[in-house]
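K.L.:
Residue numbers (my numbering), protein chains in the order written: chain A, 2 to 250; chain B, 30 to 120.
Even for Gly, the Cβ is constructed at its ideal location relative to N, Cα and C.
Just dropping this structure here.
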Amino acid sequence: MSHPRTNATHELPSGDTLVDALPDSLRAAIAKHWTRRVTSELQVSRAFAALVPRLRALQADTTVVSMMERAATEEIAHAELCLHLAEVYAGAPVTMPDVPFAMPHFGFDDERLEVALHVTGLCCVNETLATAYLERCLSLARAPVAVAANRMHLREEIDHARLGWAHLSSRAVTPDLREQLSTCVPRLLAANVPLWEREDAFLPSEGVPDHGLPSHEDACRTARAATRDLVIPGFRHVGIEVRADAFAG
Amino acid sequence: MSRPVSRLFHAVVVVGASLGGCSHNAPASETPESDVPEPAAVTPEPAAAEASEETADAGVDAGEAAEPATGASNACPPGSERPFPPCYWIL
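Here you go:
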């Protein structure tokens, strides 16, 4: 399936002397890494887009609906950003990949719970972990193109995470729904956190820190710390009880 | 909790929850660290987005300038444009 372009201007450098200094094999590996991230950004965009009418139908907070709508567009822009990086590192044009996508179903009859689980998994878990990961990437990056890309990405990813916390703190999530979510969150964590701990299929395990790509060990440590200190306390902050050891790995 | 994570907690979770509170009532706060600014001690600055070009840390600080109101129905900073007040920009 093809994807609409946003026509957004990212104003990223089209080249970078630190990129030019890399060995060809490493440049190719980083290009593949960014091409893979094109796919994940587009998948998230489509999930956000699919949730907009469902949130609206449930009369969710208008702020949340608006933020979700905007997030769907921004994730397409992120995909374009990733594609640009792939091309900078490849030193050649890269084709926008086709993206398989199917909205998962959690198996509950209650649409409010289904939607709340999607928002929780996508925003409160995945996008919130992404903010910690991107902040780490940004703190490591020295190559100007990587600094600019991570900064831009982080700025918008923070809003995507926020919209999840906004939804959970709104009246759309009733006390009974909060109680149901508290039992489901450990399963959401068990499904998502290990994805952050997978070895990157293309990068060396020591990463490429100057280019904003942490080592595998660093990435795992960041994901674990963010789960423990950001995500789980976040649920408590919005009145959803989740045990501190809800994700022990 | 390390200071960077604490700042991120505030910028993402506390500010995010307060956005839900813009229209509705947010639940009571449980901020795990005390090193975030008190609501009265910060002033939302639209210019924070420009200042934030300097460093990532500076950017998160700019995000903290957003109102961390909890449990209040008037959670949006005065003069901000809903739903995306400029002061909510982070970096």
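Based on Cα-Cα distance, which residue from T228/A, V100/A, E207/A, D230/A lies nearest to D219/A?
P.N.:
Nearest option by C-alpha distance: E207/A.
K.L.:
Under DSSP, the alpha helix (DSSP H) around L43/A begins and ends at which residues?
P.N.:
That run of the alpha helix (DSSP H) goes 25 to 58.
K.L.:
Check whether the Cβ atoms of R163/A and V41/B sit closer than 8 Å, and answer yes or no.
P.N.:
Contact flag set, yes.
K.L.:
Give a yes or no on whether 8 Å exceeds the smallest Cβ distance from I159/A to chain B.
P.N.:
Yes, I159/A lies at the interface with chain B (some Cβ there is under 8 Å from its Cβ).
K.L.:
Would a check of beta-carbon distances place L82/A closer than 8 Å to chain B?
P.N.:
It does not; no Cβ of chain B falls within 8 Å.
K.L.:
I'd like to confirm the pairing. Which residues does DSSP put opposite V209/A in its beta bridges?
P.N.:
Answer is L214/A.
K.L.:
With a threshold of 8 Å between beta carbons, is W197/A in contact with chain B?
P.N.:
No, its Cβ sits nowhere closer than 8 Å to a Cβ of chain B.
K.L.:
Could you pull out every residue in the same chain whose Cβ sits closer than 6 Å to the Cβ of T223/A, ignoring the five residues on either side in sequence?
P.N.:
Excluding positions up to five away in sequence, the list reads A133, Y134, R137.
K.L.:
Rounded to the nearest angstrom, what separates E42/A and I77/A at their Cα positions?
P.N.:
Whole-angstrom Cα-Cα distance: 7 Å.
K.L.:
By how many angstroms is the C-alpha of L23/A removed from the C-alpha of E88/A?
P.N.:
The alpha-carbon atoms of E88/A and L23/A are separated by roughly 14 Å.
K.L.:
Is it true that the CB of L182/A sits closer than 8 Å to the CB of T258/A?
P.N.:
Missing from the structure shown is residue 258/A; chain A here goes from 2 to 250 and no further.
K.L.:
Using 8 Å as the threshold, is the C-beta distance between V243/A and S171/A below it?
P.N.:
Not a contact, by the Cβ cut-off of 8 Å.
K.L.:
From the DSSP output, in three-state form, read off S15/A for me.
P.N.:
It is coil, neither helix nor strand.
K.L.:
Would A32/A and A91/A qualify as a contact pair, given that the criterion is a beta-carbon distance under 8 Å?
P.N.:
Their beta carbons are under 8 Å apart, which means A32/A touches A91/A by this criterion.
K.L.:
With DSSP collapsed to three states, give me the class of I77/A.
P.N.:
I77/A: helix per DSSP, three-state reduction.
K.L.:
Run down chain B in chain order and give the residues with a C-beta less than 8 Å from the C-beta of H212/A.
P.N.:
Residues of chain B passing the Cβ test: none, with the nearest at roughly 16 Å.
K.L.:
Compute the Euclidean distance between the alpha carbons of G49/B and H119/A, then round it to the nearest angstrom.
P.N.:
Whole-angstrom Cα-Cα distance: 17 Å.
K.L.:
Would you decide whether A73/A is buried or exposed? Buried here means 16 or more other CB atoms lie within 10 Å of its CB.
P.N.:
It counts as buried.
K.L.:
Is there at least one Cβ from chain B nearer than 8 Å to A72/A's Cβ?
P.N.:
With 8 Å as the cut-off, A72/A does not count as an interface residue toward chain B.
K.L.:
Using a Cβ-Cβ distance under 8 Å, would H119/A count as near chain B?
P.N.:
By this cut-off, H119/A is not an interface position.
K.L.:
When the Cα atoms are used, what is the spatial distance from F102/A to L204/A?
P.N.:
Cα to Cα, the separation comes out at about 25 Å.
K.L.:
Go to G240/A, then tell me how far its alpha helix (DSSP H) extends in each direction, as first and last residue.
P.N.:
Element bounds for G240/A: n/a, residue is neither H nor E.
K.L.:
For P187/A, does the three-state DSSP call read helix, strand or coil?
P.N.:
Three-state DSSP puts P187/A in a helix.
K.L.:
I need the DSSP call for F230/A, collapsed to helix, strand or coil.
P.N.:
The question names Phe, yet the displayed sequence has Asp at residue 230/A. D230/A falls in the helix class under three-state DSSP.
K.L.:
Could you check if L196/A is buried or exposed, using at least 16 other CB atoms within 10 Å of its CB as the buried criterion?
P.N.:
Looking at its Cβ environment, which holds fewer than 16 other Cβ atoms inside 10 Å, L196/A is exposed.
K.L.:
Should M104/A be labelled buried (16 or more other beta-carbon atoms within 10 Å of its own) or exposed?
P.N.:
Burial call: exposed.
K.L.:
Would you identify the three-state DSSP class for S122/A, choosing helix, strand or coil?
P.N.:
The residue you asked about is not Ser; residue 122/A is Gly in the sequence shown. Reduced to three states, the DSSP call for G122/A is helix.
K.L.:
If we ignore side chains and look at the alpha-carbon of each, how far apart do D62/A and E200/A end up?
P.N.:
Approximately 38 Å between the Cα atoms of the pair.
K.L.:
For V42/B, would you say it is in contact with chain A, using Cβ-to-Cβ distances shorter than 8 Å as the test?
P.N.:
True, the Cβ-Cβ gap to chain A drops below 8 Å.
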